[in-house]
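See structure below.
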Amino acid sequence: MLDEGMQFFEAHGALVRPDDQHRYNTDWSRDITGLPKVVVRPRSTSDVAAVVRHCAERGLPVVPQGGHTGLVGGATPSVEGSEVVISLERLNRVREIDAPNFTMTVEAGCVLDEVHAAAAAAACLFPMQLGAQGSCQIGGNIATNAGGINVVRYGMMRDLVLGLEVVLPDGQVWNGLRKLRKNNAGYDLKQLFLGSEGTLGIVTAACLKLFPKPTQVETAFLAVDSPKIAVELFGRARRDLSDLLSAFELLPRRGIELSLAAVPGQRDPLDAPSPFYVLLEVCASGLVDLRNLVERFLESVIEEGLLSDGALAASSAQAGAFWQIREGLIEAQAQQGRHLRTDVSIPISMIATFLDATHAALAVAEPEALPLAYGHLGDGNIHFNVLPPPGLGEAERIALLYRCESVIFRQVDAANGSISAEHGIGRSKRCAFLERASTLDIDLMRRIKSAIDPRGIMNPGRIFD
Ligand SMILES: Cc1cc2nc3c(=O)[nH]c(=O)nc-3n(C[C@H](O)[C@H](O)[C@H](O)COP(=O)(O)OP(=O)(O)OC[C@H]3O[C@@H](n4cnc5c(N)ncnc54)[C@H](O)[C@@H]3O)c2cc1C
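Per our numbering, the very first residue in the sequence shown carries number 2; after that it's consecutive.
Structure, rendered in structure tokens:
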């Protein structure tokens, strides 16, 4: 017999059996697990509001959950079994596409891939692309202020949202679903919720910016001798390619080898190995002769000696194969079991110095560890990851990865960077964040938190205590 509280949750799509709850308890990496009090799956904004109001009246902590691909423990319930997980997965309608306004209004549980498809059907582009796009949801992208590979051209999620609908921690619905590119009437309240990691409210719908769907895309896989040359190439590419650059990724040789070994059927795109590679994408719509522009650019940088080798994709299949190598790197690391994932932000001009200094510091501190640094050089976001040596027990692995993280974060501090470029703080990075934030930063954030969520029921323990 269910008690009154559980009956209420059951009416809102609750899952109470442990077998049904499994995927809501464990995040994508499987490194982070928890135990919910109950998992609720509302179908409408008013349902979400009713569940939040019910929780607020009883002081029950609430954890909003999207695709559960965030890698910092923000959406995973704590181990105590006291938190109510609200999954947005059934709130997944495209409410409107306004093609003349270049906007679409979608519910928070829409999976990113579905948003891409709906935009493309209207000859438009929603430009956010990331490795988890088959699972992550637009609400999660908003709550984490997600980035991805196209930030260099289109910005982060913060730059792509025009309006939001949010259920506040007392169950009220804030309707900020505007479709305006210019709106200076008072504070820009929606920005408070972007990147707030579910600590201020539950996003239920968003109005997103759209762009013309590119009709030409050129993708090149380029060999460079060092990150310093990659940074120089980036500056040239932005200028010489009329600022049409949409992605600029840095990959080390070791990453290519891991990816080729992990995902069968892939080929090394270039004949001779190079210490580093750049995966570059340029796109345009309209009458620009993009192929010609990219070919002339590549000829000039080869003549100047910036590139040692390179391949410009001859077909979309070949471009896909280049990107598969980049994506295979994620699979390759996942196959290694628990490893260190970082997501740091460095001024682009400091990336080469940062990479050299961090590799040197790790070689001294943890010579057995295998560093793997790659990522979105075009926006300064490096994933400086570490694979532990084989044969370590779980406790030794965790201790070693923790020590490596400290070494890397000290170098981030030296470069005046950030320990989180796009994944957020969640629970995993909370201590490192609090160590670095100023007293005034924390004071201002706490004042915002307590103004909007005075009972502290929304995602407690994420970002700060
Ligand atoms: C293979 C892989 C590649 C990735 N690549 C990138 C990348 O390139 N760039 C990048 O930025 N991230 C990347 N990520 C991280 C992750 O995909 C993003 O953080 C994504 O935005 C999380 O979305 P989600 O729906 O899975 O959110 P979840 O993991 O479910 O939740 C993340 C946080 O948002 C909160 N939240 C979720 N939904 C809502 C809502 N509706 N309202 C309020 N709060 C909510 C949760 O409580 C939690 O704190 C990657 C992850 C993986 C596994």
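Cβ atoms here follow ideal geometry from the backbone N, Cα and C, with glycine treated the same way.
**OP:** Provide the residue(s) that pair with Ser88 in DSSP beta bridges, ordered along the chain.
**Re:** Gln66
Subject >> Any non-hydrogen atom of ligand 1 closer than 8 Å to Pro65 Cβ >> reply: yes
Original post:
So what does DSSP say about Ser421, is it helix, strand or coil?
Top reply: strand
Original post:
Taking just the CA atoms, how far does Leu280 sit from Trp324?
Top reply: 8 Å
**OP:** Drop a sphere of 10 angstroms on the beta-carbon of Val365, count the other beta-carbons inside from all chains shown, and report buried for 16 or more, exposed for fewer.
**Re:** exposed
Original post:
Per DSSP, which one or two residues make a beta bridge with Gln134?
Top reply: According to DSSP, Gln134 bridges with nothing at all.
**OP:** Check the DSSP bridge columns for Ala374 and list the partner residues they point to.
**Re:** Phe385
Original post:
Taking the alpha-carbon positions, what's the Asp99 to Val80 distance?
Top reply: 43 Å
**OP:** Take the Cβ of Leu356 as the centre, count every other Cβ of all protein chains shown within 10 Å, and call the residue buried at 16 or more, exposed below.
**Re:** buried
Subject >> 9 Å Cβ cutoff met for Glu219 and Arg463 >> reply: no
**OP:** Using the DSSP secondary-structure output, state which residues sit across from Ile98 in a beta bridge.
**Re:** Met105
Subject >> C-alpha distance - Met2 paired with Ala15, whole-angstrom precision >> reply: Low confidence applies here, because Met2 scores a pLDDT of 45, under 50, leaving its location unreliable and the question unanswered by this model.
Original post:
Which residue from Asp226, Ile139, Ile150 puts its Cα closest to that of Val162?
Top reply: Ile139
Subject >> Cβ distance (whole Å) where Thr1 is taken to contact Leu209 below 8 Å >> reply: Residue 1 lies beyond the range of the chain shown here (2 to 466); nothing can be said about it.
Subject >> Every unbroken beta strand (DSSP E) within the stretch 231–275, with a cutoff of 3 residues, ordered by chain >> reply: 246–253
Subject >> Cα-Cα separation, Pro390 to Ala400 >> reply: 13 Å
Subject >> Endpoints, beta strand (DSSP E) assigned at His278 >> reply: His is not the amino acid found at residue 278; the sequence shown has Tyr there. 277–285 is the extent of the beta strand (DSSP E) around Tyr278.
**OP:** Determine the DSSP secondary structure at Phe222, reduced to helix, strand or coil.
**Re:** strand
Original post:
Quick one: Cα of Ile326 to Cα of Gly311, how far?
Top reply: 15 Å
Subject >> Beta-bridge pairing of Asn176 - partner residues as DSSP gives them >> reply: Glu166
Original post:
So, helix, strand or coil for Asp454, using DSSP?
Top reply: coil
Subject >> Distance between Asp48 and Glu436 (C-alpha atoms, nearest Å) >> reply: 39 Å
Original post:
Is Gly338 near ligand 1, judged by its Cβ being under 8 Å from some heavy atom?
Top reply: no
**OP:** Tell me where the beta strand (DSSP E) around Ile33 begins and ends.
**Re:** Note, Ile33: premise wrong, no beta strand (DSSP E); not H, not E.
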